[in-house]
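Participant: In the UniProt record's numbering, the protein residues as written are 1 to 93. A virtual CB, placed ideally from N, CA and C, is assigned to each residue, including glycine. Encoded as structure tokens, here's the structure I'll be asking about.
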Amino acid sequence: MEHWEGKHYSFYQNRDCEYFPCHAGADPENFNCLFCYCPLYALGDQCGGAFRYTEKGRKDCTHCLFPHRRENYGKINERFEEIARLAARNREK
């Protein structure tokens, strides 16, 4: 068991949100709203989620449930260093 499992800070739901749950087919009992805006989005095609690119070249994560699964909290936090490096590279430009 991971240190974060069962902790309140690793899972949050906003059932009053007009869009809850915002992805079709999601299990409402285990839908995690904590990463409403996915921190992995900026990693582009290296995010690890189920995405596609639209005709206009935009990343469409409509069918991705990765950040909304309760058990993926740790997997997202493990990638923080990648996100931080990306932010640092963007700052250098």
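#1: Identify, in the order they occur along the chain, each residue of the same chain with its Cβ nearer than 7 Å to the Cβ of Ile76, setting aside the five sequence neighbours on each side.
#2: Thinking Ala42 and Cys64 are a contact (beta carbons under 8 Å), I'd like their distance in whole angstroms, please.
#3: Do you know offhand how far residue 151's Cα is from Phe80's?
#4: Considering only the alpha carbon of each residue, which of Arg69, His8, Gly57, Asp45 lies closest to Pro21?
#5: For Cys17, count the other beta carbons within 10 Å of its own beta carbon; 16 or more makes it buried, fewer makes it exposed. Which is it?
#6: Tell me which residue opens and which closes the alpha helix (DSSP H) that Glu2 is part of.
#7: Just to check my reading of the structure: Phe31 and Gln46 have Cβ atoms closer than 8 Å, yes? What is that Cβ distance to the nearest angstrom?
#8: Pull up the distance between the alpha-carbon of Lys59 and that of Arg52, whole angstroms please.
#9: Report the residue from Glu71, Arg85, Glu92, Ala84 whose alpha carbon sits nearest the alpha carbon of Gly6.
Facilitator: According to the data block:
#1: Residue numbering aside, residue 76 sits at position 76 when the sequence shown is read from its first letter. Excluding positions up to five away in sequence, the list reads Phe35, Pro39, Leu40, Pro67.
#2: Within the sequence shown, residue 42 is the residue found at index 42, counting from 1. Within the sequence shown, residue 64 is the residue found at index 64, counting from 1. In fact, because the Cβ distance is near 14 Å, the residues do not count as touching under 8 Å.
#3: Any answer about residue 151 is impossible in this case: the structure gives the chain only from 1 up to 93.
#4: Taking the first residue of the sequence shown as position 1, residue 21 is located at position 21. Measuring from the Cα of Pro21, the nearest candidate turns out to be Arg69.
#5: Position 17 of the sequence shown holds residue 17. Exposed, by the Cβ-count rule.
#6: By 1-based counting over the sequence shown, the position of residue 2 is 2. Note, Glu2: premise wrong, no alpha helix (DSSP H); not H, not E.
#7: Translated into positions along the sequence shown, residue 31 becomes position 31. Translated into positions along the sequence shown, residue 46 becomes position 46. Cβ atoms of Phe31 and Gln46 stay farther apart than 8 Å, at about 24 Å.
#8: As a first step, residue 59 is located in the sequence shown; it is residue number 59 there, counting from the start. As a first step, residue 52 is located in the sequence shown; it is residue number 52 there, counting from the start. Answer to the nearest angstrom: the Cα atoms are 6 Å apart.
#9: As a working note, residue 6 is residue 6 in the sequence shown. When only C-alpha atoms are compared, the closest one is Glu71.
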